[in-house]
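> Residues 214 to 703 in this note's numbering are what the sequence shown spells out, letter by letter. C-beta: ideal position from N, C-alpha, C; glycine also. Please read these numbers as outputs of a predicted model, since none were measured by experiment.
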Amino acid sequence: MMLHISDLKKFVRCPRLYLTDRDSPPREYRPFVRLDEEVTELAAGKIGAVNAFRGQRGDEPEKALEAAVNYDWLVSARFAYMDLRVKVPFLHRNEDGWDIYFMFIGLFPHPYDMEMYCDTVWVLKKNGLKIKDYYIIHLNSDYVRQGELDPDQLFRISDCFYNHKNHPMIPVREAVEKNMKDLTDLILRVQACGWDTVQLPVRTSRCVSRQKCRYYDSCFPEEKEGPANSIITLITSHYRYDMKAAGIEYLADADPDLIEGSRQQYSQIAGDQNGGLFVDRPALCSWLSYVKYPITFIDFEWERFAIPPYDGMHPFDVLPFEYSIHILHEDGTVTHTVFLSVHDDRREFAEGLIRDVPSEGTLVAYNAEGAEKIRLEELALQFPEYAGQLRDMISRMEDLQLPFSSGTVYDVRMRGFWSLKTIMSMMDDEGYKNLDIREGMDAVFQWRLLDYDDESADTEKITEDLKAYCGMDSYAMTVVYKWLLELAGG
Ligand code: SF4
Numbered sequence: 214m215m216l217h218i219s220d221l222k223k224f225v226r227c228p229r230l231y232l233t234d235r236d237s238p239p240r241e242y243r244p245f246v247r248l249d250e251e252v253t254e255l256a257a258g259k260i261g262a263v264n265a266f267r268g269q270r271g272d273e274p275e276k277a278l279e280a281a282v283n284y285d286w287l288v289s290a291r292f293a294y295m296d297l298r299v300k301v302p303f304l305h306r307n308e309d310g311w312d313i314y315f316m317f318i319g320l321f322p323h324p325y326d327m328e329m330y331c332d333t334v335w336v337l338k339k340n341g342l343k344i345k346d347y348y349i350i351h352l353n354s355d356y357v358r359q360g361e362l363d364p365d366q367l368f369r370i371s372d373c374f375y376n377h378k379n380h381p382m383i384p385v386r387e388a389v390e391k392n393m394k395d396l397t398d399l400i401l402r403v404q405a406c407g408w409d410t411v412q413l414p415v416r417t418s419r420c421v422s423r424q425k426c427r428y429y430d431s432c433f434p435e436e437k438e439g440p441a442n443s444i445i446t447l448i449t450s451h452y453r454y455d456m457k458a459a460g461i462e463y464l465a466d467a468d469p470d471l472i473e474g475s476r477q478q479y480s481q482i483a484g485d486q487n488g489g490l491f492v493d494r495p496a497l498c499s500w501l502s503y504v505k506y507p508i509t510f511i512d513f514e515w516e517r518f519a520i521p522p523y524d525g526m527h528p529f530d531v532l533p534f535e536y537s538i539h540i541l542h543e544d545g546t547v548t549h550t551v552f553l554s555v556h557d558d559r560r561e562f563a564e565g566l567i568r569d570v571p572s573e574g575t576l577v578a579y580n581a582e583g584a585e586k587i588r589l590e591e592l593a594l595q596f597p598e599y600a601g602q603l604r605d606m607i608s609r610m611e612d613l614q615l616p617f618s619s620g621t622v623y624d625v626r627m628r629g630f631w632s633l634k635t636i637m638s639m640m641d642d643e644g645y646k647n648l649d650i651r652e653g654m655d656a657v658f659q660w661r662l663l664d665y666d667d668e669s670a671d672t673e674k675i676t677e678d679l680k681a682y683c684g685m686d687s688y689a690m691t692v693v694y695k696w697l698l699e700l701a702g703g
């Protein structure tokens with residue numbers, strides 16, 4: 214049975230996770246960040262990997278070993294030891310062994326994914342290859358595309374991992390050699406693992422560490438099906454499961470000695486004690502006092518590219534492709550506009566905003582600080598001629614998420630979440646349910662079909678669905694805002 218490093222990682226996290234993944238049908242690969250280019254070829258141009266052996270998917274491991282005798286450069290070569298198979302981006306022969314070049318499709322390689330580096334080198338050493346120098350090829354955050362891609366500027370080569378301030382600090386060689394372990398026993402345990410050997414699901418920190426396990430809901434279905442005011446909905450609580458195990462079922466009965474005491478937790482517990490709803494009216498009125506008519510509820514959709522596809526873009530820059538605006542006037546009337554484009558229409562996007570957003574009143578976005586304000590600032594940098602108007606929009610923007618994320622308002626039906634969809638589901642059950650696109654990433658995946666000029670795509674339907682989805686986001690904000698007005702007493 215062929216194993217990959219990802220299998221070992223899953224097994225170490227949880228044997229049940231490894232087995233469930235192994236026995237599930239392959240999932241469709243839908244990356245959050247788009248990477249259209251042949252990045253290995255581009256990087257080969259950067260390091261001068263010419264006359265190289267090029268490995269292919271499905272190669273027998275002997276092929277790479279034979280190539281190691283005849284070539285000075287090995288690109289994407291496949292090696293294996295004890296059924297653990299690795300793909301090595303670049304190996305370059307020197308007088309005293311081989312230099313290894315890892316690829317990191319990101320801006321700053323940190324020493325987080327150490328198993329991948331260590332396990333790769335372990336397999337190479339077991340195959341008798343002596344590794345001398347260690348490098349990581351990664352994307353250059355300072356690169357700005359102008360015309361054709363320039364591999365020399367697009368990539369950086371580092372012999373160090375970066376620290377939390379993104380400064381190169383820890384030599385790759387030192388880190389890998391210090392952390393490398395003999396994998397023999399682990400591989401044998403993975404090979405021996407079967408459903409008869411794993412225990413029933415047990416909730417531990419590994420289920421939610423870094424990223425919530427994708428099988429969490431199937432391992433612990435009772436959490437989704439339990440009451441909305443269950444103690445396990447208590448936000449950022451270290452002890453919610455301890456409280457549950459001690460017989461505390463509801464937020465209202467939380468043990469004061471076992472809560473951290475954040476404002477959100479207070480609003481959750483007070484909400485449950487209060488029949489399901491908590492409102493800090495003075496704080497809510499204060500927030501509402503900043504919102505002036507005409508109120509522009511605004512939502513953006515965008516695509517993120519690892520490698521900049523258009524002039525003026527850096528690696529990992531975003532391309533905004535859609536906005537929806539609902540404008541609520543003081544007399545209660547509402548007007549609605551949607552802008553949608555494919556390919557590079559950043560200028561039209563910026564000009565459209567200047568045309569469609571009123572020059573006075575407040576702009577309201579949900580998670581404005583983490584999204585719309587950043588997008589507007591990026592446009593201001595890319596189109597300095599519009600910077601004044603775009604930055605004026607930023608200065609007039611309020612974040613509708615704030616009353617919820619700050620614990621000013623909590624309804625137990627939120628179940629510890631405060632996304633716009635969660636709040637909207639309490640107001641109007643039909644909201645997102647009738648849409649064919651219901652999530653931001655689904656919108657991006659559909660838009661990609663338009664952007665790729667995919668002939669099999671139903672362009673008209675996708676366009677309609679994208680407009681309906683983005684339109685629902687800005688409409689939902691008007692509904693939530695009116696609800697907050699009601700809660701504040703009008
Ligand atoms: S949710 Fe937890 S127990 Fe279930 S598969 Fe994931 S890590 Fe394992």
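1) Please determine if the segment 331-344 and the segment 301-319 are in contact, where contact requires at least 3 C-beta pairs separated by less than 8 Å.
2) Who pairs with residue 351 in a beta bridge, going by DSSP?
3) Which residues bound the beta strand (DSSP E) around residue 537?
4) Determine, using beta-carbon pairs with one atom in the segment 588-607 and one in the segment 547-564, whether at least three such pairs fall under 8 Å.
5) Quick one: what does DSSP say residue 333 is sitting in, helix, strand or coil?
6) Please list, in chain order, all residues of the same chain as residue 463 whose beta carbon is under 8 Å from its beta carbon, the five residues on each side excluded.
7) Bridge partners for residue 307 per DSSP, in chain order?
8) What would DSSP say about residue 251, mapped onto helix, strand or coil?
9) Count the other CB atoms, across all protein chains shown, that sit within 10 Å of the CB of residue 279; report buried if there are 16 or more and exposed otherwise.
10) Does residue 596 come out as helix, strand or coil in the three-state DSSP assignment?
11) Are there three or more Cβ pairs, one per stretch, closer than 8 Å when the segment 352-359 is compared with the segment 516-529?
12) Nearest by alpha-carbon distance to residue 470: which of 452, 617 and 425 is it?
13) So is residue 666 buried or exposed if we call it buried at 16+ other beta carbons inside 10 Å?
14) Return the first residue and the last residue of the beta strand (DSSP E) that residue 704 is part of.
15) Please output, in chain order, the residues near the ligand SF4 using a CB cut-off of less than 7 Å to any non-hydrogen atom of the ligand.
16) Are residue 512 and residue 638 touching if we call contact CB-CB under 8 Å?
17) Tell me which residue opens and which closes the beta strand (DSSP E) that residue 221 is part of.
18) In the structure shown, what three-state DSSP assignment does residue 385 receive?
19) What's the gap between the Cα of residue 412 and the Cα of residue 232?
20) When burial is assigned at 16 or more other CB atoms within 10 Å of the CB, is residue 682 buried or exposed?
21) Would you tell me roughly how many angstroms separate the C-alpha atoms of residue 620 and residue 640, rounded to the nearest one?
22) Quick check: what's the CA-CA separation for residue 543 versus residue 636?
Quick look at the numbers:
1) yes
2) 317 and 369
3) 531-541
4) Segments in contact, yes.
5) helix
6) Taken in chain order, the residues that qualify are 440, 442, 443, 444 and 485.
7) 310
8) coil
9) exposed
10) coil
11) yes
12) 452
13) exposed
14) Residue 704 is absent from the structure shown; the chain starts at 214 and stops at 703.
15) 226, 227, 229, 230, 233, 414, 415, 416, 417, 419, 420, 426, 428, 429, 432 and 433
16) Not in contact: residue 512 and residue 638 (Cβ atoms no closer than 8 Å).
17) Judged by DSSP secondary structure, residue 221 falls outside any beta strand (DSSP E) and instead within the alpha helix (DSSP H) spanning 218-226.
18) helix
19) 12 Å
20) Classification for residue 682: buried.
21) 19 Å
22) 24 Å
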